[in-house]
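S.K.: Residue numbers (the working numbering): 5 to 180.
Take a look at the following structure, please.
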């Protein structure tokens, strides 16, 4: 038998954790100076002409390859800032969703966040294997997957289809 009060508390804890991580990451992404991005990201974009393959020769001759080591990308920085704004908004929404008693809303929120985090993890995983490999990607993949599967456990796990898991117990005076 599913203990609905414990499930509700665990979901509220997941909401709180997710909102905190989202607010911190979003704020950091929004205020990160370009000099720091240049140090930790540093470009590294390699573009080959059609029919060319990477060899040591390409790295020394600039005619067939462009190597941007450490160049700052204003466009990438703006995208990071926009993503930071989105993370702040999502964190704010999730933080305040803890007080919502509508079970259907909370269930749908779990579904949406599950899909969102899993798709983000897949996108970063793809980037990890098609672009420069780095530790930051693995950390992002792990964090996004854990949060995504946390929401998936609530929505698709034992008792996840029951609205009671998402709602607070109500008495007759507060029932709608």
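Heads up, the beta-carbon is just placed ideally off N, CA and C, and yes, glycines get one too.
Keep in mind it's a predicted model, so treat the numbers as computed, not measured.
For a test of the three-state rule: what should DSSP assign to residue 16, helix, strand or coil?
M.R.: The count along the chain shown starts at 1 and reaches residue 16 at position 12. Residue 16 falls in the helix class under three-state DSSP.
S.K.: Closest to residue 89 by C-alpha separation, out of 156, 34 and 7, would be which residue?
M.R.: Position 85 of the chain shown, counted from the first residue, corresponds to residue 89. For residue 89, the nearest C-alpha among the options comes from 34.
S.K.: Between 140, 161 and 94, which has its C-alpha nearest residue 41's C-alpha?
M.R.: Position 37 of the chain shown, counting from 1, holds the residue named residue 41. Here the closest residue by C-alpha is 140.
S.K.: Could you please give the first and the last residue of the uninterrupted alpha helix (DSSP H) stretch that includes residue 79?
M.R.: The residue given as residue 79 occupies position 75 in the chain shown. Element bounds for residue 79: 78-101.
S.K.: What do you get for residue 128, buried or exposed, if any count of 16 or more other CB atoms within 10 angstroms of its CB means buried?
M.R.: To locate residue 128, count along the chain shown from 1; it is residue 124. Buried, by the Cβ-count rule.
S.K.: Where does the unbroken alpha helix (DSSP H) through residue 137 begin, and where does it stop?
M.R.: As a first step, residue 137 must be located in the chain shown, where it is residue number 133. From DSSP, residue 137 is part of no alpha helix (DSSP H); its letter is neither H nor E.
S.K.: Can you round the beta-carbon distance between residue 101 and residue 19 to whole angstroms, since I take them to be within the 8 Å contact cut?
M.R.: Numbered from its first residue, the chain shown carries residue 101 at position 97. Numbered from its first residue, the chain shown carries residue 19 at position 15. Indeed they touch by this definition, with Cβ atoms about 6 Å apart.
S.K.: Return yes when the Cβ of residue 94 is within less than 9 Å of the Cβ of residue 149, no when it is not.
M.R.: For the purposes of this step, residue 149 is identified with residue 145 of the chain shown, where counting begins at 1. For the purposes of this step, residue 94 is identified with residue 90 of the chain shown, where counting begins at 1. No, these two residues do not count as a Cβ contact at 9 Å.
S.K.: Determine the contact status of residue 121 and residue 97, defining contact as a CB-CB distance below 9 Å.
M.R.: Start at 1 with the first residue of the chain shown, and residue 121 comes out as number 117. Start at 1 with the first residue of the chain shown, and residue 97 comes out as number 93. Cβ distance not < 9 Å, so residue 121 and residue 97 don't count as in contact.
S.K.: Apply the 10 Å Cβ neighbour rule to residue 156 and answer buried if 16 or more other Cβ atoms are within range, or exposed otherwise.
M.R.: The residue you call residue 156 lines up with position 152 of the chain shown. Its Cβ being crowded by 16 or more others within 10 Å, residue 156 is buried.
S.K.: Using the C-alpha atoms, what's the distance from residue 8 back to residue 16?
M.R.: Counting from one through the chain shown, the residue named residue 16 turns up at place 12. Counting from one through the chain shown, the residue named residue 8 turns up at place 4. Distance between the alpha carbons of residue 16 and residue 8: 12 Å.
S.K.: Taking the alpha-carbon of residue 37 as reference, which of 77, 23 and 13 has the nearest alpha-carbon?
M.R.: In the chain shown, residue 37 corresponds to position 33, counting from 1. The option with the nearest alpha carbon to residue 37 is 77.
S.K.: Exposed or buried, which one is residue 158 when buried takes at least 16 other CB atoms within 10 Å?
M.R.: Start at 1 with the first residue of the chain shown, and residue 158 comes out as number 154. With 16 or more Cβ atoms within 10 Å of its Cβ, residue 158 is classed as buried.
S.K.: Just to confirm, are residue 22 and residue 154 a CB contact at a threshold of 9 Å?
M.R.: On the chain shown, residue 22 is found 18 positions in, with the first residue counted as 1. On the chain shown, residue 154 is found 150 positions in, with the first residue counted as 1. It is a contact, given that the beta carbons lie within the stated cut-off.
S.K.: How should residue 146 be labelled, buried or exposed, when 16 other C-beta atoms within 10 angstroms of its C-beta is the threshold for buried?
M.R.: Mapped onto the chain shown, residue 146 falls at position 142. Classification of residue 146: exposed, given that the 10 Å Cβ count is below 16.
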